[in-house]
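Participant: One structure coming up, written as structure tokens, with questions to follow.
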Amino acid sequence: MNITVVGTGYVGLVTGTCLSDIGHNVTCVDVDESKIKMLRSGKSPIYEEGIEAIIEKNIHAERLHFTTSLKDVLPKSEVVIIAVGTPSDKEGKADLQYVKAVATEIGQHLDHEIIVVDKSTVPVGTAQMVEGIIKKQYNGSVEVVSCPEFLREGTAVADFFQPDRIVVGTRTKKAADIMNNVFEPIKCPKVNTTVESAEMIKYASNAFLATKISFINEIANICERVGADIEEVAYGMGLDSRIGKKFLRAGLGYGGSCFPKDVRALSQIAGTNGYDFQLLKGVIAVNNDQRKFLVQKIDKALGGIHGKKVAILGLAFKDNTDDVRESAALDIIPMLQKAGVESIDAYDPEATENALKVVSSINTYTDPYAMIEGNDIVVIATEWREFKNLDWKKIKSLMKQPIVIDGRNLLDKKYMEDLGFTYTGIGRTNGKGSASLSKKSNPKK
Ligand code: UGA
């Protein structure tokens with residue numbers, strides 16, 4: 002099929018590239034000329050495992066194209082996928098300006114029957130609104146369907162090819178059949194719903210996962226007070242198949258371009274529809290507090306932050322990405338600066354460049370050991386596996402004081418203490434060390 006994808010962010014680029022890989026003829030459109038130029042040369046503007054090889058392969062197979070002109074590709078398109086950003090506005094609502102701009106452009110240039118797919122995360126009712134905008138200028142047949150995205154950054158390519166489910170919300174059987182053809186080669190449950198239900202499934206899924214994270218973080222905070230160990234508690238809970246093991250990793254809370262924005266938006270949607278979503282307000286508050294509690298832990302461990310030198314491992318909002326949007330590290334850095342820290346040194350395997358666009362007055366390094374040298378404390382803010390495999394014995398010898406605050410419970414507590422570190426995690430006491438959701442091996446000795 003001839004498919005056009007508008008927006009080459011994480012969602013649009015992965016979706017477009019992978020759709021070409023399963024045999025469709027795909028054109029990705031973006032207004033950013035420099036991005037399109039880069040993509041045409043086979044390079045990805047985002048860090049996503051495996052994506053460049055698939056881009057290159059499908060450019061050569063002439064199934065994947067990039068352009069800045071939606072107008073030029075629209076005449077040949079059977080399906081147009083809208084995958085532009087829907088950032089939070091000042092009140093926490095999803096800002097639909099980019100979605101509306103694409104809808105207007107489609108309406109202006111459309112001359113034949115097509116299916117328009119909302120892949121951007123949008124409030125219930127948006128598909129109908131998009132259809133209205135297109136139909137203001139185009140009298141022919143067009144149906145706007147909802148096909149929410151469940152890709153995770155860092156594993157987006159694998160998630161595309163092996164999804165848990167594909168959800169498509171349609172009005173007509175014809176549209177459902179066309180969407181079935183789009184995803185035909187992907188083997189997984191296909192859930193066909195109303196448009197409104199599909200839009201809600203996306204928000205409800207992200208909000209539920211965020212709730213799991215805030216829940217386990219609160220349990221971790223209680224564990225610290227009662228002497229239980231969160232790793233053991235989460236493991237024991239997660240083995241109950243009704244609860245499930247995933248998303249029970251306590252830590253600094255969730256970040257990224259999706260959970261924070263979508264949880265706020267769902268809370269707003271509820272409010273504007275006359276419902277007070279109390280639980281979600283708690284989820285947001287707990288997430289914000291996890292960042293504050295970490296700064297308190299740093300303060301306690303150092304006997305005061307003022308005048309101290311802090312080393313931060315991790316700037317990305319999670320591992321395997323260069324994305325720093327709403328990352329815990331970037332929330333904590335200004336708090337430390339406000340508390341009078343002497344210096345902040347930071348290292349991240351991929352996200353340094355993006356972080357420096359947002360934070361100032363930090364020193365960044367390309368070598369973690371050089372970064373840590375001479376610091377009073379090491380704070381782990383991102384769950385990169387490579388931090389686990391650092392030579393912690395060597396690190397101890399480089400530091401002014403051997404203090405580690407592990408905001409992601411990445412390291413083996415006992416191992417660190419045996420090395421002589423003062424180690425503080427999240428919700429960790431002296432568990433037996435045999436139970437862990439993340440099946441962490443011992444770090445390199
Ligand atoms: C999330 C969803 O997982 C995807 O299904 C969805 O498609 C995507 O949002 C989206 O709406 O586009 P993503 O933002 O890439 O994906 O990241 P996750 O892997 O879900 O992690 C989100 C945050 O939660 C990270 O900051 C991570 O560190 C944190 N997290 C995750 C925890 O603190 N504990 C956990 O147990 C799991």
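Using our numbering, you'd call the opening residue of the sequence shown number 2 and step up by one each time. For each residue, glycine too, the CB sits at the ideal point set by N, CA and C. Remember, predicted model here, so these are calculated numbers, not experimental data.
Is any heavy atom of the ligand UGA found at a distance shorter than 7 Å from the C-beta of Arg250?
Facilitator: Indeed, a heavy atom of the ligand UGA lies less than 7 Å from the Cβ.
Participant: Please identify the residue among Gly304, Ala54, Lys175 whose C-alpha is closest to the C-alpha of Val143.
Facilitator: Lys175
Participant: Measuring from the CB of Val287, is there a heavy atom of the ligand UGA at a distance below 7 Å?
Facilitator: no
Participant: Output the distance between the C-alpha atoms of Ala382 and Ile299, rounded to the nearest integer angstrom.
Facilitator: 12 Å
Participant: Please state the DSSP three-state secondary structure of Val379.
Facilitator: strand
Participant: Does DSSP put Glu150 in a helix, a strand or coil?
Facilitator: coil
Participant: For Pro186, which residues from the same chain have a beta carbon less than 8 Å from its beta carbon, with the 5 sequence-adjacent residues on both sides left out?
Facilitator: Answer for Pro186: Ile23, Gly24, listed in chain order.
Participant: Pull up the CB-CB distance for Ile115 and Val80, whole angstroms please, since I reckon it's below 8 Å.
Facilitator: The C-beta separation of Ile115 from Val80 comes to about 7 Å, placing the pair in contact by the 8 Å criterion.
Participant: I'd like the ranges of any beta strand (DSSP E) spanning at least 3 consecutive residues and lying wholly in the stretch 278-348.
Facilitator: 310-314, 344-348
Participant: For Thr127, is the beta carbon positioned less than 7 Å from some heavy atom of the ligand UGA?
Facilitator: Not so, every heavy atom of the ligand UGA lies at least 7 Å from the Cβ.
Participant: Rounded to whole angstroms, what's the CA-CA distance from Gly239 to Asp263? Just pull it up for me.
Facilitator: 25 Å
Participant: Assuming the contact rule is C-beta atoms closer than 8 Å, His196 and Gly228 should be a hit. Round their C-beta distance to whole Å, please.
Facilitator: A small fix is needed here, since residue 196 is Val in this sequence, not His. In fact, because the Cβ distance is near 50 Å, the residues do not count as touching under 8 Å.
Participant: For Cys19, which of Val32, Ala54, Ser42, Phe294 has the nearest alpha-carbon?
Facilitator: Comparing Cα positions, the closest option is Ala54.
Participant: His66 by DSSP, collapsed to three states: which one?
Facilitator: The answer is strand: DSSP assigns His66 an E or B state.
Participant: Is any non-hydrogen atom of the ligand UGA found closer than 7 Å to the C-beta of Asp392, if you look at the structure I gave you?
Facilitator: no
Participant: Would you kindly work out how many angstroms separate the C-alpha atoms of Met336 and Asn222, rounded to a whole number?
Facilitator: Whole-angstrom Cα-Cα distance: 20 Å.
Participant: Considering just the uninterrupted stretch of the beta strand (DSSP E) at Ile82, what are its terminal residues?
Facilitator: 80-83
Participant: Please confirm if Asp90 has its CB atom under 8 Å from at least one CB of chain D.
Facilitator: Among the protein chains of the structure shown there is no chain D, as only one such chain exists.
Participant: Is it true that the CB of Ala205 sits closer than 8 Å to the CB of Val168?
Facilitator: no
Participant: So, is Ser362 buried or exposed, given that buried needs 16 or more other C-beta atoms within 10 angstroms?
Facilitator: exposed
Participant: Please state the DSSP three-state secondary structure of Ile135.
Facilitator: In the three-state DSSP reduction, Ile135 falls in the helix class (H, G or I).
Participant: Check whether the Cβ of Asn207 lies closer than 7 Å to any heavy atom of the ligand ZN, and answer yes or no.
Facilitator: Among the ligands present in this structure, namely the ligand UGA, the ligand ZN is not found.
Participant: Whole angstroms are fine: how far does the CA of Gln109 sit from the CA of Gly272?
Facilitator: 34 Å
Participant: Count the other CB atoms, across all protein chains shown, that sit within 10 Å of the CB of Thr5; report buried if there are 16 or more and exposed otherwise.
Facilitator: buried
Participant: Let me make sure I understand the geometry here. Which of Gln279, Ala266, Met400 has the alpha-carbon closest to that of Val125?
Facilitator: Ala266
Participant: Enumerate in chain order the residues of its own chain whose CB-to-CB distance from Gly408 is below 7 Å, with the five nearest sequence positions on each side excluded.
Facilitator: Gly252, Leu253, Leu295, Ala329, Val380, Ile381, Ala382, Ile427, listed in sequence order.
Participant: Are the CB atoms of Val359 and Val311 nearer to each other than 8 Å?
Facilitator: No, they are not a contact pair.
Participant: Might you give, ordered along the chain, the residues of its own chain that have their beta carbon closer than 8 Å to the beta carbon of Met39, omitting 5 neighbours on each side?
Facilitator: Ser45, Pro46
Participant: List the residues that DSSP assigns as beta-bridge partners of Lys191.
Facilitator: Ile167
Participant: Taking Val118 as the reference, give the member of Ser147, Gln269, Ile333, Leu14 with the closest Cα.
Facilitator: Ser147
Participant: Have a look at Gln291 and Ala340 and give me their C-alpha separation to the nearest angstrom.
Facilitator: 17 Å
Participant: Would you kindly work out how many angstroms separate the C-alpha atoms of Asp332 and Ile406, rounded to a whole number?
Facilitator: 16 Å
Participant: Sorry if obvious, but does the Cβ on Tyr424 come closer than 7 Å to a heavy atom of the ligand UGA?
Facilitator: no
Participant: When DSSP builds the beta bridges, which residues end up paired with Ile406?
Facilitator: Val380, Thr425
Participant: So what does DSSP say about Ser215, is it helix, strand or coil?
Facilitator: helix
Participant: What would DSSP say about Glu50, mapped onto helix, strand or coil?
Facilitator: DSSP places Glu50 in coil when its eight states are reduced to three.
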